[in-house]
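*Asks:* Per the numbering used here: the sequence shown = residues 839 to 976. One structure, as structure tokens, below. Some questions next.
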Amino acid sequence: MISIAGKSAICNKTFQPFCKKKTGIDFGKIIRLEAVRRGHSSRIIKLKITGSKQTLVIGKELEIRRALSESHLYSSAFVVDHLGEQDGIPQQFVINGAGWGHGVGLCQIGAAVMGEKGYNYQSILKHYFQGSELKKIY
839 MISIAGKSAI CNKTFQPFCK KKTGIDFGKI IRLEAVRRGH SSRIIKLKIT
889 GSKQTLVIGK ELEIRRALSE SHLYSSAFVV DHLGEQDGIP QQFVINGAGW
939 GHGVGLCQIG AAVMGEKGYN YQSILKHYFQ GSELKKIY
């Protein structure tokens, strides 16, 4: 469903059977996708899927990523916009992704590009983790 490092949209009619396939639950018409809880890095760690027939709260980040994608999302750092409501039912969900990583401060793509440009690992780590110190402990 979602290509998470950007913006993706899916209509409710398409999302209903997809969601049933991924979770095994017939939600009916999907009314809302809501981030119930976010972690320190703003990734969703508890997602509520509200349907006209059933509601489910998914309480693990990996399960959220699996439920919303054919394989799994790169990240649960996203927000959902509900568009075109008719009789309280959104006709479309727009997912705005905010990353691919784990939320610890290092962008893997950025680090790879820096490496290709000739930066060594010490410089890359210093760039992402300012104020830290590298030292050999063994």
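Glycine residues also receive a C-beta, built at the ideal position from the N, C-alpha and C atoms.
Roughly how many angstroms lie between the CA atoms of LYS884 and GLN946, to the nearest whole one?
*Replies:* Using only the alpha carbons, I get a separation of about 25 Å.
*Asks:* Looking only at its chain, what residues have a beta carbon closer than 7 Å to the beta carbon of SER841, apart from the 5 residues adjacent to it on each side?
*Replies:* Reliability fails at SER841, whose pLDDT of 47 lies under 50, so the model's placement of it is uncertain and the value that follows must be treated cautiously. Excluding sequence neighbours, SER841 sits near nothing in its chain.
*Asks:* How do the segment 918-934 and the segment 854-862 stand: do at least 3 beta-carbon pairs fall below 8 Å, yes or no?
*Replies:* Flag = no, the segment 918-934 and the segment 854-862 do not touch.
*Asks:* Assuming contact is defined by CB atoms lying nearer than 8 Å, are GLY866 and GLY889 in contact in what I supplied?
*Replies:* A contact, by the Cβ cut-off of 8 Å.
*Asks:* In three-state DSSP terms, what is GLN946?
*Replies:* Of the three classes helix, strand and coil, the one that applies to GLN946 here is helix, per DSSP.
*Asks:* Alpha carbon to alpha carbon, what distance is there between SER846 and GLU908?
*Replies:* Those two C-alpha atoms are separated by around 14 Å.
*Asks:* Give me the residue from LYS898, THR852, TYR959 with the minimum Cα distance to GLY877.
*Replies:* Cα-wise, what sits closest to GLY877 is LYS898.
*Asks:* Below 8 Å between beta carbons: does that hold for PHE931 and PHE853?
*Replies:* A contact, by the Cβ cut-off of 8 Å.
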